[in-house]
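Colleague: At position 989 of the sequence shown (counting the first as 1) the number is 1055 in our numbering, and the numbers step up by one without a gap. Every residue, glycine too, gets a C-beta built ideally from N, C-alpha and C. As the structure is a prediction and not an experimental result, all values here were calculated from the model. I'd like to ask some things about the structure below.
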Amino acid sequence: MTNKNGIIGLTLVVALICVYYLSFTFVSRNIKGKAEAYATNAEGKVDLTKKQRYIDSLWREEVYLGQTLQEVMERELSLGLDLQGGMHVVLEVSPVDILRGMAGGNARSAAFQQALKKAGEDKKASNSSFVNLFVKAYKEAAPNTSLASVFSNSANRGKINSNSSESDVIKMLNTEVDGSIDRAFQITQARIDKFGVTNPNIQRLPGKNQILVELPGVDNPERVRRLLSGAAKLEFSEVYLTNELAAGLDQLGKYLTKQAEIEKAAAKPGVAAATDTTKKTGLTGLAAQLEQKGADSTKTDSSALAAQSAALTNLFVPMPQGLGVYMKDTARAGEILRRPEVRSFFPADLVFMWDRKPSDGATNNQLILPLYFIKKANGQAAMEGDVIVDATHDYDDRGRPEVTMRMNGEGARKWKTLTARSIGRPVAIIIDDLVYTAPTVQGEIPNGNSSITGNFTVEETKDMSNVLKAGKLPAPTHIVEEAVVGSTLGSEAIRDGVISSLVGLVIVLVFMLAYYGGAGWIADLALFVNLFLLMGIMASLGAVLTLSGIAGIVLTIGMAVDANVLIYEGIKVEIQEGKPFKQAVTDGFKHSLTAILDSNVTTLLTGIILYIFGTGLVKGFATTLIIGLVTSLFTAIFITRLFLEAQINKGKSFKFYSGLTKNWFKDNNFDFVSQRRTFYIVSTIIMVIGVGSFIFKGFGLGIDFKGGRSYVVRFDKEVDTDELRSAMKLVLGASPEIKTYGGADQVKITTDYLVDDITPDADQKADDKIMEGVGKMKDNKGKIESSSKVGPTIAYDTMISAVYAILLALAANFAYIFIRFKRLAFSYGAVVSLAHDVIIILAVYSLFNGWIPYISLDIDQAFIGAILTMIGYSMNDTVVIYDRIRDYLADDKSRGESLPTVINNALNSTLSRTAVTGISVILVLLVLIIFGGEVLRGFTFCMLLGVIVGTYSSLFVAAPIVVDLLQREKSKEPVLAVADAGAVVPGKKIKG
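Written as structure tokens, this is what we have:
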């Protein structure tokens, strides 16, 4: 192997990078374990508040290689919600409310209301923007009314007027609706900070007015729904200055000192010094003190008590606007400020509020969160945000970024009064009880037009203008998709994932040893390296490990052997031709490289399509599959060869078979081609029956594609689904779909109850109704373990994306096959074979839906992901066969043989590889079905079916079609004939 040292060096560098990034996961898990141990009481229950307090105390502390705990957790291999429990939400900004707000009083007209309703209905089955659908519906309802007359009002002054064209109004409406997502995103970010969740995920979904929110570990879904939904609350309030509260602050200082003395007196003898703990553990602050739980009770150290006292009395840090608190102490400070005795130190109209973000000035790497003293008479702010007409970011006369805002008449009057009495004082701009900024008023502002200047960046002024505009219109966000996973299901998923991974790994390792004998252990060693690199690269890329990702790892274990199988089979051929072992290894790698690259590229294309179009389970699977394919290629081509050459240099050689498999597939001569018409007929009959089932029976659609609510409910003992269905019908008014899910004591309930209701309490009402029905089961208590909701718009988008993904996968594979094999016959054969596979699997899902126990045959996103994975596997299989056919057609040994004979020989030569890879993948898929848990069972069943059907179609559909098409091409080639002069003239026939 050329550049051997370079490959070894690259491998070592990649391995060190993997070790570095994986180490963060171990450190983070260790600290979380200590936090849980600290928060666990005598009964074994974990106090989540205490656990979070422990983590907060270390959040800004250096805990590993100069990294803070926050940085360590950001670099760890995070677990998905399906593995640790939590909540997944997709929020959508309501364009209905935005249009109503922009139309003002005109929104009350019958035509306007009718157009909104029709646009909402049309949006369920359309990719057009809501504004365009509304405009079309409004023109139908009020054909003689101009849009400018509807939307030209004080709220939109400066943007349009009564003479604006229709296109200008539509552009303005689309701009406002599209811009609302930025405001909603910022508001949602601020609201998420209130949950105290470790590693929340929030992102804007491209091309949509939607926001994805993932909150690991939350156990109060209703609180999440309540805080994430609804319009933002924008307020303007006066701020108390520090010198105005001197007496109260002095009393607070005395109170904190007294509390420290009480704690000192109550402290048990023998608490070791926090400073000692810091030296031993590298921890500081509260965490260092907590580390001493259970320490030697015979030791005392007054310095620890002194440190605790100092920590209390110095809890608050002086800042220009008032006070600040170290981020790690905010929970403790908040609890103290809420105490009635502390509240009595300050005026009755004072409200404590935090800034929305920590101060830029950090002390000892510890960020400080500013605390404001807000004045609210009777709990009411001086002004609210509904008076804002517009807000923009601009530059002042000195070129500094500033924010300008304009108010309506009522707002201008209130603003004049507020600014007049606040000259030289700050006025806080508050949204959802967080202070965004508190600029100092320079003078009375009489007309409601104001500018806010300061040491702002352009991005900060953009953010602030968005915040101000958030109060302009009643534009709440609505939850259009939701999934809640209980911690119990999460722990079970981890257990199932670990078991399935280990069992799958052991089975593949044993199978490779059993089939390849002594050479099998090298393939197994390369497989271990592959898994290590896979996990390390996932950690370095910040990937999230999900249950479907574990399934991807298990499948990667099965598919990773394919490249080794191609190499080993190639080496066996070279050895059979009498070459020395060293030369056989070199030539085996060389001749198998094309097939390895072609087969993996086709699967990689499918994986990329899965990643682009998939969400949730599918995207997690695709991420692992893509990374696994890359690491599998690297380990097979380079690592396996390094191991083999190391043995060769020691004078060793291997037999690439065991005593059991020595004669397997030796001199096999199956006739695949001559019976191709029989297989065509069999496949056609199955597909015709399937199409008939599609038409007359249809499919069971999951909520991904039809919308609705789904609940997984676990009972204390076996449950009668008919009895439960009757109970649910009584409370829901219609019979839901109820299926056994993973066992006789667990069911999955699917219903469309209140799925179109976007009111804030609709989800809780639905949950309550489900529990009411569950409660009617006598002597059999049930509990909701997980739930999900998909709105009609999301369902339609998902279905369209699924169709595009499948068509794109077929097109991409058609193009790649044509580029690589230069003959349309190969591309047609591959695509017809893939279409054949998809139709047959759909036929099985339609015909047998409801007949197979414990396996869901619903068509949902998981099914589409499995179909695309099957397309990748089938193409992998087909390309290897095509590669061998191309070699045989170009081989001099095949000259003079008929086309069917050549292709039949090529198929027989790949049969051992097809069987070994197929058996490996089938084994790991069976493991996933048995041990992978209910969530993955339907997904895995589809892939298992796809592997079987795909292997069949590669041998009996794709290759035979190539035979027929190449023969047809050959029959159309011009005939060479001899002319009178003896020259060869193409296309001329000799006449007798």
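Buried or exposed for glycine 1093, going by 16 or more other Cβ atoms inside 10 Å?
Modeller: Because the chain in this structure spans residues 67 to 1058, residue 1093 falls outside the shown range and cannot be described.
Colleague: Does the contact criterion of 3 or more C-beta pairs under 8 Å hold for the stretch 504-513 versus the stretch 482-495?
Modeller: yes
Colleague: Could you please give the first and the last residue of the uninterrupted beta strand (DSSP E) stretch that includes proline 266?
Modeller: Proline 266 -> no beta strand (DSSP E), and no H or E assigned at all.
Colleague: Identify, in the order they occur along the chain, each residue of the same chain with its Cβ nearer than 8 Å to the Cβ of glycine 764, setting aside the five sequence neighbours on each side.
Modeller: Ser912
Colleague: Give me the Cα-Cα distance between serine 368 and glycine 390, rounded to the nearest whole angstrom.
Modeller: Bear in mind that the predicted position of serine 368 carries a pLDDT of just 49, short of 50, making it too unreliable to give a figure here.
Colleague: Nearest to phenylalanine 892 by alpha carbon, out of Ile925, Val946, Ser867?
Modeller: Out of Ile925, Val946, Ser867, Val946 has the C-alpha closest to the C-alpha of phenylalanine 892.
Colleague: So, helix, strand or coil for alanine 312, using DSSP?
Modeller: helix
Colleague: Pull up the DSSP beta-bridge partners for glutamate 547, would you.
Modeller: In the DSSP output, where bridge partners are listed per residue, glutamate 547 has Val156, Val856.
Colleague: Pick helix, strand or coil for threonine 211, following the three-state DSSP scheme.
Modeller: coil
Colleague: Return the CA-CA distance between asparagine 275 and leucine 798, expressed in angstroms with no decimal places.
Modeller: 31 Å
Colleague: Identify, in the order they occur along the chain, each residue of the same chain with its Cβ nearer than 6 Å to the Cβ of glycine 839, setting aside the five sequence neighbours on each side.
Modeller: Ala793, Met794, Val797
Colleague: Does serine 899 come out as helix, strand or coil in the three-state DSSP assignment?
Modeller: Helix at serine 899.
Colleague: For a quick check, are the C-beta atoms of proline 519 and arginine 466 less than 8 Å apart?
Modeller: For the sequence presented, residue 519 should be read as threonine rather than proline. Going by C-beta atoms, threonine 519 is nearer than 8 Å to arginine 466.
Colleague: According to DSSP, is phenylalanine 738 part of a helix, a strand, or is it coil?
Modeller: coil
Colleague: Throw me the rounded Cβ distance for the methionine 578 and aspartate 590 pair, which I believe falls under 8 Å.
Modeller: For a cut-off of 8 Å, the C-beta gap from methionine 578 to aspartate 590 is around 6 Å, short enough to register as a contact.
Colleague: Taking the straight line between their C-alpha atoms, what separation do you get for valine 1108 and threonine 669?
Modeller: Only positions 67 to 1058 of the chain appear in the structure, and residue 1108 is not among them; the question remains open.
Colleague: What is the DSSP secondary structure of glycine 1016, counted as helix, strand or coil?
Modeller: helix
Colleague: Beta strand (DSSP E) containing aspartate 460: first to last residue?
Modeller: Run containing aspartate 460: 454-461, per the beta strand (DSSP E) assignment.
Colleague: Given this structure, state the Cα-to-Cα distance separating alanine 871 from threonine 864, to the nearest angstrom.
Modeller: If you take the alpha carbons of alanine 871 and threonine 864, they lie about 10 Å apart.
Colleague: What first and last residue would you give for the alpha helix (DSSP H) that runs through asparagine 715?
Modeller: Element bounds for asparagine 715: 706-715.
Colleague: Which residue wins for smallest C-alpha separation from tyrosine 1018, given the options Phe745, Leu157, Phe382?
Modeller: The option with the nearest alpha carbon to tyrosine 1018 is Phe745.
Colleague: Below 8 Å on the Cβ atoms is my contact criterion, and I expect leucine 989 with valine 572 to pass it. Report the Cβ-Cβ distance as a whole number of Å.
Modeller: Rounded to whole angstroms, the Cβ separation of leucine 989 and valine 572 is 10 Å, and the two are not in contact under 8 Å.
Colleague: Would you kindly work out how many angstroms separate the C-alpha atoms of isoleucine 565 and leucine 1002, rounded to a whole number?
Modeller: Rounded to whole angstroms, isoleucine 565 to leucine 1002 spans 14 Å at the Cα level.
Colleague: Within its chain, find whatever has a CB closer than 7 Å to the CB of glutamate 558; leave out the 5 residues flanking it on each side and keep chain order.
Modeller: Gly999
Colleague: With C-beta atoms as the reference, is alanine 177 less than 8 Å away from alanine 207?
Modeller: yes
Colleague: Could you give the residue range of the alpha helix (DSSP H) that holds threonine 77?
Modeller: Per DSSP, threonine 77 belongs to the alpha helix (DSSP H) from 70-105.
Colleague: Taking the C-alpha atoms as reference points, what is the distance between serine 759 and isoleucine 751?
Modeller: 12 Å
Colleague: Could you compute how far the alpha carbon of aspartate 953 sits from the alpha carbon of methionine 625?
Modeller: 24 Å
Colleague: Please classify alanine 1134: does DSSP put it in a helix, a strand, or coil?
Modeller: No answer is possible for residue 1134: the residues shown for the chain start at 67 and end at 1058.
Colleague: Taking the DSSP output, what are the residues bridged to glutamine 276?
Modeller: In the DSSP assignment, the residues bridged to glutamine 276 are Glu158, Leu271.
Colleague: What separation, rounded to the nearest whole angstrom, lies between the Cα atoms of leucine 78 and valine 627?
Modeller: 22 Å
Colleague: Are glycine 857 and valine 550 touching if we call contact CB-CB under 8 Å?
Modeller: no
Colleague: Can you tell me where the alpha helix (DSSP H) holding proline 966 begins and where it ends?
Modeller: Looking at the DSSP string, the run of the alpha helix (DSSP H) that includes proline 966 is 965-975.
Colleague: Should the stretch 1008-1027 be regarded as contacting the stretch 883-902, the criterion being three or more beta carbon pairs within less than 8 Å?
Modeller: yes
Colleague: Please state whether DSSP places glycine 636 in a helix, a strand or coil.
Modeller: helix
Colleague: Looking at the secondary structure, which residues open and close the beta strand (DSSP E) in which serine 516 lies?
Modeller: 515-518
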